[in-house]
Amino acid sequence: MGLSYDDVRNLPLPDLSLNLLRSLGNEPNFNNLIQGFKQRGGYDQSPPDLEAMLARLSDAWAWLESHALIGHSSKNPQGSSWSRVTSTGRALLEDPNALSKVWADDRLSGGLHPALSSARSNFALGDYETASFAAMKAVEVEVRRVAGLPNELLGVALMRKAFGPKDGVLRDPGAEGGEQQATADLFAGAIGAYKNPASHRTVRFDDAVEAAEVIQLADLLLRIVQRADARLHP
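Numbering (full-length UniProt numbering), first residue to last: 1 to 234.
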């Protein structure tokens with residue numbers, strides 16, 4: 001196995017896990033991995049922290065399973081310790097840039113506003129441009145609905161009207177004027193940067209992490225709209 005003792009002791013878990021993946025064959029076996037590591041220096045020359053390192057290898061194996069990079073082997077019974085490198089795992093080994101998809105998936109692993117279901121589905125399919133557009137479109141639709149504004153009002157103009165410090169329906173009356181203006185700017189900027197450009201020109205989103213962060217931003221904006229909705233309709 002290509003992992004040194006220092007790697008196992010000191011690498012952050014994601015880095016250790018990915019290095020472990022690179023050292024595995026197509027059909028890795030957890031028991032063989034552990035036994036091989038135990039026997040590396042001979043039974044009479046085991047390092048004093050061997051059990052701690054074995055625990056870290058177990059953690060790394062679990063990390064790979066949780067990210068669908070290894071899974072049960074279809075050639076062996078379900079209870080067997082034999083596994084396989086998944087198609088996602090092989091793609092990562094063949095293309096280091098695929099690692100960004102792993103980190104992006106981590107960002108979206110928690111709960112999101114229900115209005116983002118379309119964005120999440122497109123993201124899972126790898127269509128990051130559509131996912132980003134759908135996320136900000138969901139914000140636009142929800143702002144219009146809660147504020148009760150007409151369909152003719154779109155994009156940045158809609159955000160300015162809904163959150164305007166003077167008479168915006170969704171502004172927080174308990175916040176001071178500068179904060180109200182900043183919230184209006186936040187919504188207008190997000191829509192202008194990530195929704196409007198995709199409406200009238202092709203925007204290339206090649207970075208899965210950036211697309212995930214656009215969806216996260218939309219989720220934050222939708223939570224602000226939820227709070228405004230609760231104030232208006234207690």
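Ideal Cβ positions, reconstructed from N, Cα and C, are used throughout, including at glycine.
Less than 8 angstroms separating the beta-carbons of residue i and residue j?
i: V146; j: A228; result: yes
i: F123; j: L99; result: no
i: F37; j: L11; result: no
i: G155; j: G192; result: yes
i: L116; j: A135; result: yes
i: Y5; j: P48; result: no
i: T86; j: G71; result: yes
i: V141; j: V225; result: no
i: A52; j: Y128; result: no
Given residue i, which residues of its chain have a CB within under 7 angstroms of its CB, disregarding the five upstream and five downstream residues?
i: L221; result: V139, F187, A190
i: L16; result: D7, V8, R56, A60
i: H67; result: V102
i: K161; result: L149, L153, G168
i: L13; result: D59, A60, W63
i: A182; result: none
Span of the alpha helix (DSSP H) holding residue i?
i: V146; result: 128-147
i: G2; result: No alpha helix (DSSP H) contains G2, which DSSP labels as neither H nor E.
i: G192; result: 177-194
i: A119; result: 117-124
i: K38; result: 30-38
i: V156; result: 155-163
i: E213; result: 208-232
i: residue 236; result: No statement about residue 236 is possible, as the shown extent of the chain runs from 1 to 234 and does not include it.
i: S171; result: Per the sequence shown, the amino acid found at residue 171 is Arg instead of Ser. Note, R171: premise wrong, no alpha helix (DSSP H); not H, not E.
Looking only at its own chain, which residues have a Cβ that is under 6 angstroms from the Cβ of residue i, when we skip the five neighbours before and after it?
i: S132; result: Y194, F205, A211, V214
i: S73; result: E27, W82, S83, R84
i: Q180; result: P165, R171
Got a sec, what are the start and stop residues for the beta strand (DSSP E) residue i sits in?
i: R84; result: 83-85
i: G71; result: 70-72
So, at 8 angstroms on beta carbons, what are the nonlocal neighbours of residue i in its own chain, with the 5 sequence-adjacent residues on each side left out?
i: H233; result: none
i: K137; result: K195
Worksheet item: Taking one C-beta from the stretch 92-107 and one from the stretch 17-27 each time, how about it: are there three or more such pairs within less than 8 angstroms?
Response: Contact holds: three or more Cβ-Cβ distances are below 8 angstroms.
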